[in-house]
Structure formats: C-alpha cells, structure tokens
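This note's numbering runs 211 ahead of the 1-based position in the sequence shown.
We put the CB at the ideal spot given by N, CA and C, even for glycine.
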Amino acid sequence: GHFKDLPGAGKPLDLNDDKHVPEELRVGFRMLKGAGYAPPWIEMQKSIRDEQAELERWLLRANERWPRLGERDRSRLRAEHEQKLRDLNKLISSYNLTAPPAAGQLPLLQIWRELRKLGQ
Numbered sequence: 212g213h214f215k216d217l218p219g220a221g222k223p224l225d226l227n228d229d230k231h232v233p234e235e236l237r238v239g240f241r242m243l244k245g246a247g248y249a250p251p252w253i254e255m256q257k258s259i260r261d262e263q264a265e266l267e268r269w270l271l272r273a274n275e276r277w278p279r280l281g282e283r284d285r286s287r288l289r290a291e292h293e294q295k296l297r298d299l300n301k302l303i304s305s306y307n308l309t310a311p312p313a314a315g316q317l318p319l320l321q322i323w324r325e326l327r328k329l330g331q
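Structure below.
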C-alpha cells in the first residue's frame with residue numbers, strides 16, 4: 212500500500228520521454244526516431260538479442276547432433292561454441308562502452324558456464 216497514491220498512478224507511460232538523453236543529443240535522436248532509426252546503442256541492443264537467440268538455436272541443433280559425433284567433431288563444435296560466446300561478449304562490451312549510463316549495462320556471459328551447456 213506504500214505506492215498506492217504516487218503521482219501519475221493509473222496514467223499511461225510517456226514513451227516519448229527523453230529526459231535521460233543528454234540535452235545535446237536530443238535533437239539528433241528525435242530526427243533519427245522520426246526517420247525510423249534508433250540511437251546506436253539501441254540498435255546494438257537489438258543485435259545482441261538477435262545474436263543470443265541465434266546462439267540458442269545453434270546450441271539446440273548442436274546438442275541434438277552431439278550423441279552421434281566423434282571426438283574430433285565434438286572438439287570442433289566446442290571451439291565453434293567458444294568463439295560464438297567470445298564474439299557475443301565483444302558485442303556486449305561494445306554496447307556497455309557506448310550506451311549512456313541511464314540505459315544500463317548488460318552482463319557479460321560467463322564463458323566457462325555457457326560452455327557446459329554444450330553436450331547436454
């Protein structure tokens with residue numbers, strides 16, 4: 212009940228609120244938005260989500276094949292999986308360096324933990 216009577220309760224969110232965007236960038240971002248584009252870090256965030264989804268699909272296919280593979284092919288899949296994880300972490304790091312503080316940071320993948328998902 213502590214949050215019952217907050218200002219704006221029950222009203223729609225203002226999705227055009229750009230108070231977290233530095234003032235010197237607001238006009239440019241409004242122009243991008245009007246032309247159907249988003250700020251670079253938002254585009255990068257979308258790329259990261261796409262890459263994460265692709266990695267999940269790849270992992271599912273790899274795990275379906277895993278029982279039929281020999282050691283050489285398994286080793287190749289492990290190396291490919293590790294490279295995909297490292298590439299995704301580079302993209303996340305780039306996002307974290309570019310996004311404004313108000314946008315928040317994305318956590319890096321813990322490669323050792325993610326590698327254990329292959330072969331299950």
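Fill in: Beta-carbon proximity of N307 to I322, cut-off 9 Å
The Cβ atoms of N307 and I322 do not sit closer than 9 Å to each other.
Worksheet item: Assuming L270 contacts E293 under a Cβ cut-off of 8 Å, what Cβ separation, rounded to an integer in Å, is found between them?
Response: Their Cβ separation, rounded to whole angstroms, is 12 Å, which puts L270 and E293 out of contact at 8 Å.
Practice prompt. If I'm right that A290 touches W252 with Cβ under 8 Å, what's the distance once you round it to whole angstroms?
Written response: In fact, because the Cβ distance is near 31 Å, the residues do not count as touching under 8 Å.
Item to complete: Assuming N274 contacts L329 (C-beta within less than 8 Å), just tell me the rounded distance between them.
Response: That belief holds up - the Cβ atoms of N274 and L329 are roughly 7 Å apart, short of 8 Å.
Fill in: A290, enclosing alpha helix (DSSP H) - first and last residue
Here the alpha helix (DSSP H) through A290 covers E282 to T309.
Discussion item. Do A249 and K257 count as a contact pair if the criterion is CB distance below 9 Å?
Written reply: Yes, the pair counts as a contact, with Cβ atoms nearer than the cut-off.
Worksheet entry | R268 beta carbon less than 9 Å from that of W277 | For the 9 Å CB-CB criterion, W277 and R268 do not form a contact.
Discussion item. At the level of alpha carbons, what is the spacing between L317 and L302?
Written reply: Those two C-alpha atoms are separated by around 10 Å.
Worksheet item: For M255, is the classification buried or exposed, using 16 other Cβ atoms within 10 angstroms of its Cβ as the cut-off for buried?
Response: Per the 10 Å Cβ criterion, buried.
Worksheet item: Can you tell me whether DSSP reads G239 as helix, strand or coil?
Response: Annotated three-state conformation of G239 is helix, per DSSP.
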